[in-house]
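*Asks:* Numbering (my numbering), first residue to last: 25 to 486. Idealized CB from N, CA, C, for every residue including glycine.
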Amino acid sequence: MSLELKKAIDQISKDKGLDRAMLVETLEEAVRTSVTRKYGEDIDVEVSFNEDSGELEVFQFKIVVSKVEDANSQIALAEARTHDPSVQVDDEMGFRLRVEDLGRIAAQSAKQVIIQRMRDAEQGIIYEEYKDRINEIISGIIQRRDKAGWIINLGRTEALLPKEEQIPREHYKRGDRVQALIIEVRKEGRGPQVIVSRSHRDYMAALFRREVPEVDDGVVQIMGVARDPGSRAKVAVMSRDRDVDPVGACVGVRGSRIQNIVQELRGERIDIVVWSQDIATYARNALSPAVITRIVVDDSEGLLEVIVPDDQLTNAIGRKGQNVKLAAKLLGWKIDIYTETRYNEANAISHGLEQLANVAEISLENFVEAGLANFESIRDASDESLLAIPGMSEAKIGNLRAAINFLRPLGEEENSNEDAAAADSDAPSETDNAGAQDAPVTPAPADAAPADGEAGKDGAEE
25 MSLELKKAID QISKDKGLDR AMLVETLEEA VRTSVTRKYG EDIDVEVSFN EDSGELEVFQ
85 FKIVVSKVED ANSQIALAEA RTHDPSVQVD DEMGFRLRVE DLGRIAAQSA KQVIIQRMRD
145 AEQGIIYEEY KDRINEIISG IIQRRDKAGW IINLGRTEAL LPKEEQIPRE HYKRGDRVQA
205 LIIEVRKEGR GPQVIVSRSH RDYMAALFRR EVPEVDDGVV QIMGVARDPG SRAKVAVMSR
265 DRDVDPVGAC VGVRGSRIQN IVQELRGERI DIVVWSQDIA TYARNALSPA VITRIVVDDS
325 EGLLEVIVPD DQLTNAIGRK GQNVKLAAKL LGWKIDIYTE TRYNEANAIS HGLEQLANVA
385 EISLENFVEA GLANFESIRD ASDESLLAIP GMSEAKIGNL RAAINFLRPL GEEENSNEDA
445 AAADSDAPSE TDNAGAQDAP VTPAPADAAP ADGEAGKDGA EE
């Protein structure tokens with residue numbers, strides 16, 4: 025029996041990866057607990073495992089007294105001298121207890137303690153192993169599905185792939201092998217909980233580290249990732265070596281490296297963007313394949329005003345705003361996209377307002393505070409409304425009216441002339457009598473895309 029116990033400890037230590045000293049300590053503690061349950065908490069007992077014989081040795085200690093008041097902790101002097109004639113009062117004597125005498129209930133209690141301690145120790149080892157593996161790719165087999173997500177068998181433990189960490193439209197079945205990124209390890213009562221993700225942006229960065237040696241050794245650095253999981257992603261890279269092309273390194277010979285990543289992500293398109301410290305250059309790269317005319321940077325607002333040719337608006341925005349949305353995420357800036365036509369019109373209006381303010385020698389802020397924030401509102405305002413503006417006078421109003429007539433848009437003048445001509449005509453023209461058809465209307469130029477990287481036109485194709 026002694027040899028069997030020793031072999032069992034060695035085998036469990038090997039199979040479970042548990043420390044042998046911890047197992048011995050657990051066994052001793054379990055027997056100690058059983059003894060106290062049988063004889064009482066006040067019993068003084070010592071349990072030790074004899075490595076040579078492979079036996080558990082249990083000793084009960086009692087104090088030698090003249091008169092016994094507690095049989096569990098005291099022994100009479102006369103009885104003590106039958107064991108050791110030289111013993112004196114207040115001496116401590118040890119008596120060996122037989123483990124076999126503990127009984128069935130005590131043995132079961134010891135077994136439960138051993139099992140629980142072993143389970144706790146094993147869970148502790150698993151937690152210590154996985155808590156340092158955050159951002160590491162693991163591989164496992166789909167085991168089952170519960171309300172929280174998919175349970176993945178990792179061998180020694182299980183991982184949870186929550187619904188929100190799955191790639192949309194990606195389906196699994198029991199027995200499928202799947203890869204994912206460890207994003208969290210929770211220490212819970214029933215054991216450590218390993219949380220994994222396939223939609224996290226760091227998963228793509230980890231895939232690049234695995235597939236591209238230059239990324240793994242730090243020659244090429246990933247500066248940012250923006251993902252629309254399962255659809256499209258943008259990855260910003262830079263090279264620390266002038267002789268190494270960061271985009272070429274990530275793509276690989278004939279696209280071999282990037283294709284491995286695309287296949288793992290079930291066809292997710294990946295744009296590799298060259299990072300730049302200059303935000304305007306970085307934005308041009310991020311908005312590719314759109315052609316950019318110019319970029320106005322507003323550092324205080326964290327805003328980029330991107331101007332594109334009229335025929336490049338849909339390319340810049342992308343399908344359902346995807347291109348500009350991913351670019352905004354990658355840069356960490358808000359992006360407004362304008363066509364050249366729309367931007368020039370807006371600038372012309374703003375410039376006209378500044379000219380009116382200069383002529384009247386009144387600050388533009390005073391006009392805005394009075395509710396006159398555009399050319400038309402100032403033109404249509406009454407003299408009384410204008411006089412209410414701080415610093416305004418009748419003389420300045422005269423100068424303002426003259427400037428308004430001078431700055432009146434050309435199209436507005438043409439419309440006024442046409443209206444006057446129509447009013448002077450007393451009879452319909454021959455064309456009207458003939459029932460001529462209406463002239464076709466030229467469509468208006470495309471307006472600016474909305475701010476914050478959101479799409480301006482749903483369904484716009486890239």
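Starting from I166, trace the beta strand (DSSP E) in both directions and tell me its first and last residue.
*Replies:* Reading the sequence shown from its first residue, position 142 is the one you call residue 166. Counting along the chain, the beta strand (DSSP E) containing I166 begins and ends at 161–170.
*Asks:* Closest by CA to S387, which one among P414, E400, S409, E418?
*Replies:* By 1-based counting over the sequence shown, the position of residue 387 is 363. For S387, the nearest C-alpha among the options comes from P414.
*Asks:* Residues in the same chain with beta-carbon distance under 6 Å from V239, minus the five sequence neighbours each way, listed in chain order, please.
*Replies:* Within the sequence shown, residue 239 is the residue found at index 215, counting from 1. Excluding residues within five positions, the ones whose Cβ falls inside 6 Å are F232, R233.
*Asks:* Could you name the residues of the same chain whose beta carbon sits closer than 8 Å to that of T60, not counting the 5 residues immediately before and after it, in chain order?
*Replies:* By one-based count along the sequence shown, residue 60 stands at place 36. If we look at T60 and ignore the five residues flanking it on each side, its Cβ neighbours are I67, V69.
*Asks:* How far does the alpha helix (DSSP H) with N284 in it reach, from first residue to last?
*Replies:* Along the sequence shown, read from residue 1 onward, the residue named residue 284 stands at position 260. Where N284 is concerned, the enclosing alpha helix (DSSP H) stretches over 280–288.
*Asks:* At the level of alpha carbons, what is the spacing between V88 and E103?
*Replies:* Counted from its first residue, the sequence shown places residue 88 at position 64. Counted from its first residue, the sequence shown places residue 103 at position 79. Using only the alpha carbons, I get a separation of about 9 Å.
*Asks:* Pick out the complete beta strand (DSSP E) segments inside the segment 211–236, 3 residues or longer, and give them in chain order.
*Replies:* Listed in chain order, they are 215–221.
*Asks:* Assuming V249 and M228 are in contact, meaning their beta carbons sit under 8 Å apart, how far apart are those beta carbons, in whole angstroms?
*Replies:* Mapped onto the sequence shown, residue 249 falls at position 225. Mapped onto the sequence shown, residue 228 falls at position 204. With a Cβ gap of about 5 Å, V249 and M228 count as contacting.
*Asks:* Does F430 pass the burial test, meaning 16 or more other C-beta atoms within 10 Å, or should it be called exposed?
*Replies:* Mapped onto the sequence shown, residue 430 falls at position 406. By the 10 Å Cβ count, F430 comes out exposed.
*Asks:* Under the three-state reduction of DSSP, which class applies to L380: helix, strand or coil?
*Replies:* Locating residue 380 in the sequence shown gives position 356, where the first residue counts as 1. Of the three classes helix, strand and coil, the one that applies to L380 here is helix, per DSSP.
*Asks:* Based on Cα-Cα distance, which residue from N339, D170, G173, I162 lies nearest to G179?
*Replies:* Taking the sequence shown and counting its residues from 1, the one referred to as residue 179 is at position 155. The residue with the shortest Cα to Cα distance from G179 is I162.
*Asks:* Is the distance from the Cβ of I175 to the Cβ of V202 below 9 Å?
*Replies:* For this step, residue 175 is matched to residue 151 along the sequence shown. For this step, residue 202 is matched to residue 178 along the sequence shown. Not in contact: I175 and V202 (Cβ atoms no closer than 9 Å).
*Asks:* How long is the line joining the alpha carbons of V92 and D114, rounded to whole angstroms?
*Replies:* One-based indexing of the sequence shown puts residue 92 at position 68. One-based indexing of the sequence shown puts residue 114 at position 90. Whole-angstrom Cα-Cα distance: 12 Å.
*Asks:* Could you spell out where the beta strand (DSSP E) holding Q7 opens and where it closes?
*Replies:* Only positions 25 to 486 of the chain appear in this structure, which leaves residue 7 out of reach.
*Asks:* Which word fits K197, buried or exposed, when buried means at least 16 other C-beta atoms lie within 10 angstroms of its C-beta?
*Replies:* Within the sequence shown, residue 197 is the residue found at index 173, counting from 1. K197 should be labelled exposed.
*Asks:* Helix or strand or just coil, what does DSSP make of K155?
*Replies:* On the sequence shown, residue 155 is found 131 positions in, with the first residue counted as 1. In this structure, K155 counts as coil in the three-state DSSP scheme.
*Asks:* Which of helix, strand or coil does DSSP assign to Q346?
*Replies:* Residue mapping note: residue 346 aligns to position 322 of the sequence shown, counting from 1. Correct three-state label for Q346: helix.
*Asks:* Taking Cβ positions, are I246 and I206 nearer each other than 9 Å?
*Replies:* Working through the sequence shown from its first residue, we reach residue 246 at position 222. Working through the sequence shown from its first residue, we reach residue 206 at position 182. Taking 9 Å as the Cβ cut-off, I246 and I206 do not qualify as a contacting pair.
*Asks:* Using the DSSP secondary-structure output, state which residues sit across from I176 in a beta bridge.
*Replies:* Translated into the one-based positions of the sequence shown, residue 176 becomes position 152. DSSP output for I176 lists I166, A183 as bridge partner(s).
*Asks:* On the DSSP letters alone, give me the boundaries of the alpha helix (DSSP H) that D267 sits inside.
*Replies:* Residue numbering aside, residue 267 sits at position 243 when the sequence shown is read from its first letter. Premise fails: D267 is in no alpha helix (DSSP H) and is neither H nor E.
*Asks:* What's the gap between the Cα of I319 and the Cα of L380?
*Replies:* For the purposes of this step, residue 319 is taken as the residue at position 295 of the sequence shown. For the purposes of this step, residue 380 is taken as the residue at position 356 of the sequence shown. Taking the straight line from one Cα to the other gives about 27 Å.
*Asks:* In the DSSP assignment, the beta strand (DSSP E) including T363 goes from what residue to what residue?
*Replies:* Along the sequence shown, one-based indexing puts residue 363 at 339. Its beta strand (DSSP E) spans residues 358–363.
*Asks:* Between which residues of its own chain and V298 is the CB-CB distance below 6 Å, once the five residues before and five after are set aside?
*Replies:* One-based indexing of the sequence shown puts residue 298 at position 274. Closer than 6 Å at Cβ, skipping near neighbours: N309.
*Asks:* Compute the beta-carbon to beta-carbon distance between I296 and V271, rounded to the nearest angstrom, for a pair I have assumed lies under 8 Å.
*Replies:* The residue you call residue 296 lines up with position 272 of the sequence shown. The residue you call residue 271 lines up with position 247 of the sequence shown. Going by Cβ atoms, the distance from I296 to V271 rounds to 5 Å, so yes, they are a contact pair.
*Asks:* By the 10 Å Cβ neighbour count, where 16 or more other Cβ atoms means buried, how is D144 classified, buried or exposed?
*Replies:* On the sequence shown, residue 144 is found 120 positions in, with the first residue counted as 1. It counts as exposed.
*Asks:* Can you give me the start and stop residues for the alpha helix (DSSP H) that M46 sits inside?
*Replies:* As a working note, residue 46 is residue 22 in the sequence shown. Counting along the chain, the alpha helix (DSSP H) containing M46 begins and ends at 44–63.
*Asks:* Could you check where the alpha helix (DSSP H) with R122 kicks off and where it finishes?
*Replies:* Position 98 of the sequence shown, counting from 1, holds the residue named residue 122. No alpha helix (DSSP H) contains R122, which DSSP labels as neither H nor E.
*Asks:* Which residues bound the beta strand (DSSP E) around S72?
*Replies:* In the sequence shown, counting from the first residue as 1, residue 72 sits at position 48. Residues 68–74.
*Asks:* With H, G and I counted as helix, E and B as strand and the rest as coil, what does DSSP make of V202?
*Replies:* The sequence position of residue 202 within the sequence shown is 178, counting from 1. V202: strand per DSSP, three-state reduction.
*Asks:* Going by alpha carbons, who is nearest to A257 out of V277, H224, G276?
*Replies:* Along the sequence shown, one-based indexing puts residue 257 at 233. It is H224 whose Cα lies nearest to the Cα of A257.
*Asks:* When DSSP labels each residue in this structure, what does I428 get in the three-state scheme?
*Replies:* Numbered from 1 along the sequence shown, position 404 holds the residue referred to as residue 428. Reduced to three states, the DSSP call for I428 is helix.
*Asks:* Could you spell out where the alpha helix (DSSP H) holding A307 opens and where it closes?
*Replies:* Locating residue 307 in the sequence shown gives position 283, where the first residue counts as 1. Counting along the chain, the alpha helix (DSSP H) containing A307 begins and ends at 303–310.
*Asks:* Using the three-state DSSP reduction, which class does A257 fall into: helix, strand or coil?
*Replies:* The residue you call residue 257 lines up with position 233 of the sequence shown. Looking at A257 - three-state DSSP - the assignment turns out to be strand.
*Asks:* With which residues is L411 paired in a DSSP beta bridge?
*Replies:* As a working mapping, residue 411 is identified with position 387 in the sequence shown. Partner(s): none; L411 has no beta bridge.
*Asks:* Give me the Cα-Cα distance between G291 and I341, rounded to the nearest whole angstrom.
*Replies:* If you number the sequence shown from 1, residue 291 lands on position 267. If you number the sequence shown from 1, residue 341 lands on position 317. Answer to the nearest angstrom: the Cα atoms are 22 Å apart.
*Asks:* Would I428 pass as a contact of R403 if the rule is Cβ separation under 9 Å?
*Replies:* Within the sequence shown, residue 428 is the residue found at index 404, counting from 1. Within the sequence shown, residue 403 is the residue found at index 379, counting from 1. Going by C-beta atoms, I428 is nearer than 9 Å to R403.
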